[in-house]
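Participant: Start counting the sequence shown at 1; every next residue gets the next number (UniProt numbering). We put the CB at the ideal spot given by N, CA and C, even for glycine.
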Amino acid sequence: VSAAVESQSSSSSSSSDDLFASPPSPPPPPRTYKPCFVCQDKSSGYHYGVSACEGCKGFFRRSVQKNMAYTCHRDRNCIINKITRNRCQYCRLQRCFAVGMSKESVRNDRNKRKGKKEAVKMTIMETYELTAELGLIVEKICRAHRETFPALCQLGKYTTNSSSDHRIQLDLGLWDKFSELATKCIIKVVEFAKRVPGFTGLTIADQITLLKAACLDILILRICTRYTPDKDTMTFSDGLTLTRTQIHNAGFGPLTDQVFTFAGQLLPLEMDDTESGLLSAICLVSGDRQDLEEPSKVEVLQEPLLEALKIYSRKRRPSMPLMFPKALMKITDLRSISAKGAERVVTLKMEIPGSMPPLIEEMLEDLQNLEQQQKQLVLAPPPRST
1 VSAAVESQSS
11 SSSSSSDDLF
21 ASPPSPPPPP
31 RTYKPCFVCQ
41 DKSSGYHYGV
51 SACEGCKGFF
61 RRSVQKNMAY
71 TCHRDRNCII
81 NKITRNRCQY
91 CRLQRCFAVG
101 MSKESVRNDR
111 NKRKGKKEAV
121 KMTIMETYEL
131 TAELGLIVEK
141 ICRAHRETFP
151 ALCQLGKYTT
161 NSSSDHRIQL
171 DLGLWDKFSE
181 LATKCIIKVV
191 EFAKRVPGFT
201 GLTIADQITL
211 LKAACLDILI
221 LRICTRYTPD
231 KDTMTFSDGL
241 TLTRTQIHNA
251 GFGPLTDQVF
261 TFAGQLLPLE
271 MDDTESGLLS
281 AICLVSGDRQ
291 DLEEPSKVEV
301 LQEPLLEALK
311 IYSRKRRPSM
321 PLMFPKALMK
331 ITDLRSISAK
341 GAERVVTLKM
351 EIPGSMPPLI
361 EEMLEDLQNL
371 EQQQKQLVLA
381 PPPRST
């Protein structure tokens, strides 16, 4: 028996040694996923029901959570791939839905993160308070806005009787004055942009691309906040106050009524300087602008601005939670007006050759070029994936 026990023990020991001495099993091969269903970029896993990259996952989540309403400026049939995906948010979101991304999955994911009811209540309370970091951003943006764009109440208004009776094709006197003021306003927009946190940290090429793309958006937003509805006038930064007819004759032409309509639609929002400044900054640092070298860096800059505007507007109007999305929707309107504004610049160059100030021509002519490039992209075949 003793021999048997020793034999069994020896056998067991040998077996145990064999077990520990055996080489470890090889690690499983890394899991591979099909390319992103939306843009064909490298997928990071299954998100909201489909294989998707981090960029499209984040874009879809933000779009659903913030209930974003995008507009396509072409034919609602833009090509979406990893190169063009930032150029049209509307078509990118439609592509997300078309490949099977689920809104409900975003909501469920959000609910899981919230946890207990007490945590939910705390989260809701916190959304009305700016963090120290966001508070600093708001302070910088507000100061930059005020120091580059005086409020209507600070201006000494003055008027002119020039061509105030009826609309004409163009009043050259008013055009000269308007183009002089517009040049000064563009310089102020550039100054404002340089003071947006993080903007000067972008590549020079991206700074120029963003400025040229957003300049007209910001100029229109600014002049529309100086609208006086009872007199149907707008006031420029030197105090010059023009009627709708005079603004038409100064060069706005067929764009006039659309600009005044937009100004009227801004009135119910009752935006203050901080909100106007934040909305201008959000227009500026938009990662979906064409030809950006580093769009992801631009998106990173825009995120805290969006959060700051959301919290600030909710804190300022606790009973009106829809003011934030309504303000964001104005960006779509601004882009539509800007596209027509760029066309107007080209028309004016033909009507009055040699009279277009160089800065206006340089800043706004590129918008027309971008429109042409975008039309070509719609017609071009998608790039071959390697």
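Between residue 344 and the rest of its own chain, which residues show a CB-CB distance below 8 Å, the 5 nearest in sequence each way excluded?
Facilitator: If we look at residue 344 and ignore the five residues flanking it on each side, its Cβ neighbours are 251, 252, 253, 254 and 255.
Participant: Do you know how far the Cα of residue 257 is from the Cα of residue 76?
Facilitator: Between residue 76 and residue 257, the C-alpha separation is close to 26 Å.
Participant: Counting C-beta neighbours from all protein chains within 10 Å, is the total for residue 200 16 or more, i.e. buried, or is it exposed?
Facilitator: Classification for residue 200: exposed.
Participant: Using 8 Å as the Cβ pair cut-off and three pairs as the minimum, do the region 223-240 and the region 260-278 touch?
Facilitator: Touching, yes.
Participant: Can the beta-carbon of residue 218 be found closer than 7 Å to that of residue 189?
Facilitator: Contact: yes.
Participant: If we count the other Cβ atoms within 10 Å of its Cβ and call it buried at 16 or more, is residue 287 buried or exposed?
Facilitator: Buried.
Participant: What are the boundary residues of the beta strand (DSSP E) that residue 47 is part of?
Facilitator: Where residue 47 is concerned, the enclosing beta strand (DSSP E) stretches over 45-47.
Participant: Could you tell me the alpha carbon to alpha carbon distance between residue 151 and residue 105, rounded to whole angstroms?
Facilitator: Going from the Cα of residue 151 to the Cα of residue 105 covers about 45 Å.
Participant: Rounding to the nearest angstrom, what Cα-Cα distance links residue 38 and residue 338 in this structure?
Facilitator: For residue 38 and residue 338, the distance between alpha carbons rounds to 29 Å.
Participant: Near residue 95, what residues of its chain come up, given a Cβ to Cβ distance below 6 Å and the 5 sequence neighbours on each side ignored?
Facilitator: Counting only Cβ-Cβ distances below 6 Å, and skipping sequence neighbours, we find 38 and 80.
Participant: Which of helix, strand or coil does DSSP assign to residue 350?
Facilitator: If DSSP states are grouped into helix, strand and coil, residue 350 belongs with the helices.
Participant: How far does the beta strand (DSSP E) with residue 99 in it extend, from its first residue to its last?
Facilitator: Residue 99 -> no beta strand (DSSP E), and no H or E assigned at all.
Participant: Report all residues from its chain with a CB closer than 7 Å to the CB of residue 171; omit the five preceding and five following residues, and keep chain order.
Facilitator: For residue 171, where only same-chain residues beyond five positions count, the Cβ hits under 7 Å are 162, 163, 249 and 250.
Participant: Could you check how far apart the C-beta atoms of residue 55 and residue 85 are, in whole angstroms? I think they sit under 8 Å.
Facilitator: Yes, residue 55 and residue 85 are in contact; Cβ-Cβ is about 7 Å, under 8 Å.
Participant: Between which two residues does the beta strand (DSSP E) harbouring residue 151 extend?
Facilitator: Taken as a continuous stretch (DSSP letters only), residue 151 belongs to no beta strand (DSSP E), as it is neither H nor E.
Participant: Ends of the alpha helix (DSSP H) at residue 71?
Facilitator: Run containing residue 71: none; DSSP gives neither H nor E here.
Participant: Are the Cβ atoms of residue 239 and residue 177 separated by less than 7 Å?
Facilitator: No.
Participant: Return helix, strand or coil for residue 240, following the three-state DSSP convention.
Facilitator: If DSSP states are grouped into helix, strand and coil, residue 240 belongs with the strands.
Participant: Name the two residues that bound the continuous alpha helix (DSSP H) containing residue 51.
Facilitator: From DSSP, residue 51 is part of no alpha helix (DSSP H) but of the beta strand (DSSP E) over 50-52.
Participant: Please report the residue range of the alpha helix (DSSP H) in which residue 160 lies.
Facilitator: Where residue 160 is concerned, there is no enclosing alpha helix (DSSP H), given that its DSSP letter is neither H nor E.
Participant: Within its chain, find whatever has a CB closer than 8 Å to the CB of residue 64; leave out the 5 residues flanking it on each side and keep chain order.
Facilitator: Closer than 8 Å at Cβ, skipping near neighbours: 103, 106 and 107.
Participant: Going by CA-CA distance only, name the one from 98, 358 and 192 that's closest to residue 148.
Facilitator: Among 98, 358 and 192, the Cα nearest to that of residue 148 belongs to 192.
Participant: Given that a residue counts as buried once 16 or more other Cβ atoms are within 10 Å of its Cβ, and exposed if not, what is residue 354?
Facilitator: Result: exposed.
Participant: Nearest by alpha-carbon distance to residue 234: which of 205, 142, 290 and 159 is it?
Facilitator: The shortest C-alpha separation from residue 234 is found at 159.
Participant: Buried or exposed for residue 47, going by 16 or more other Cβ atoms inside 10 Å?
Facilitator: With 16 or more other Cβ atoms within 10 Å, it is buried.
Participant: Among the candidates 210, 242 and 139, whose CA atom is the shortest distance from the CA of residue 175?
Facilitator: Taking only the C-alpha atoms, the option nearest residue 175 is 242.
Participant: Just to check my reading of the structure: residue 278 and residue 83 have Cβ atoms closer than 8 Å, yes? What is that Cβ distance to the nearest angstrom?
Facilitator: Actually they do not touch by this definition, with Cβ atoms about 30 Å apart.
Participant: Buried or exposed for residue 267, please, with buried defined as at least 16 other CB atoms from any protein chain shown within 10 angstroms of its CB.
Facilitator: Classification for residue 267: exposed.
Participant: Does DSSP classify residue 33 as helix, strand or coil?
Facilitator: In this structure, residue 33 counts as coil in the three-state DSSP scheme.
Participant: Can you have a look at residue 408 and say buried or exposed, based on whether 16 or more other CB atoms are within 10 angstroms of its CB?
Facilitator: Missing from the structure shown is residue 408; the chain here goes from 1 to 386 and no further.
Participant: What are the start and end residues of the beta strand (DSSP E) that includes residue 233?
Facilitator: Residues 233-235.
Participant: In three-state DSSP terms, what is residue 128?
Facilitator: Residue 128: coil per DSSP, three-state reduction.
Participant: Determine the extent of the alpha helix (DSSP H) in which residue 302 is found, giving its start and end residues.
Facilitator: Counting along the chain, the alpha helix (DSSP H) containing residue 302 begins and ends at 295-316.
Participant: If you run the structure through DSSP and keep just helix, strand and coil, what is residue 225?
Facilitator: The answer is coil: DSSP assigns residue 225 none of H, G, I, E or B.
Participant: With DSSP run on the structure shown, which of helix, strand or coil describes residue 356?
Facilitator: Looking at residue 356 - three-state DSSP - the assignment turns out to be coil, as it is neither helix nor strand.
Participant: To the nearest angstrom, how far is the alpha carbon of residue 165 from that of residue 360?
Facilitator: Taking the straight line joining both Cα atoms gives about 28 Å.
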